[in-house]
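Data first, discussion second: the structure below is written as structure tokens.
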Amino acid sequence: MNIVIDTNVIISAIFFGGQPLKLLEQLFDDKFNAFATPEIIQEYFETYNELHRRYRTKGNGFIVSQILNKMHIISPDCSVHVCRDPDDDKFINCALSAKCLYIVSGDKDLLSIKNYKGIKIVTVADFISHP
Numbered sequence: 100m101n102i103v104i105d106t107n108v109i110i111s112a113i114f115f116g117g118q119p120l121k122l123l124e125q126l127f128d129d130k131f132n133a134f135a136t137p138e139i140i141q142e143y144f145e146t147y148n149e150l151h152r153r154y155r156t157k158g159n160g161f162i163v164s165q166i167l168n169k170m171h172i173i174s175p176d177c178s179v180h181v182c183r184d185p186d187d188d189k190f191i192n193c194a195l196s197a198k199c200l201y202i203v204s205g206d207k208d209l210l211s212i213k214n215y216k217g218i219k220i221v222t223v224a225d226f227i228s229h230p
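Structure below.
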């Protein structure tokens, strides 16, 4: 099963644990394939660096690279504009290009779409509880 993981989920896992960390554990256990684009990766690192400055005692500088080593990095082959926040379109474009079944997110703008061309946009809790 192919998925895209939104930045807020990656960052929440690194800094705060909980359900997002369980999702990353499933990634490392090869329960699914995660995809990202260079634009998504850039956002992962920028957001990580910003929060690492705020929460010096939390996080681990190597963790983003370890996560990326488990991901498939692709160049999107489409460019749709469907999100209220245009910055979120990159996740839809990645999911379409990689033929993903899910985008896992905590972003209200993305979650409000719910489903786009067969891609379900769900919370971490909903994804983890999916059989």
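Counting from 100, one number per residue, gives the positions in the sequence shown under our numbering.
We put the CB at the ideal spot given by N, CA and C, even for glycine.
{"Item": "Contact the stretch 210-229 vs the stretch 133-152: 3+ CB pairs below 8 Å", "Value": "no"}
{"Item": "C-alpha distance - A112 paired with Q165, whole-angstrom precision", "Value": "13 Å"}
{"Item": "Residue from K219, D184, D187 and A135 whose Cα sits closest to the Cα of C193", "Value": "A135"}
{"Item": "Residue ranges of each alpha helix (DSSP H) within the stretch 110-170, 4 or longer", "Value": "117-127, 137-153 and 162-168"}
{"Item": "Pair within 7 Å by beta-carbon distance, A224 and Q118", "Value": "yes"}
{"Item": "DSSP state of K213 mapped onto helix, strand, coil", "Value": "coil"}
{"Item": "Neighbour-count burial assignment, D187, 16 or more Cβ in a 10 Å radius", "Value": "buried"}
{"Item": "For K219, the first and last residue of its enclosing beta strand (DSSP E)", "Value": "I218 to V221"}
{"Item": "Bridge partners - N101, DSSP secondary structure assignment", "Value": "N132"}
{"Item": "Cβ shell of I162 (< 7 Å), same chain only, five flanking positions each side left out", "Value": "I113"}
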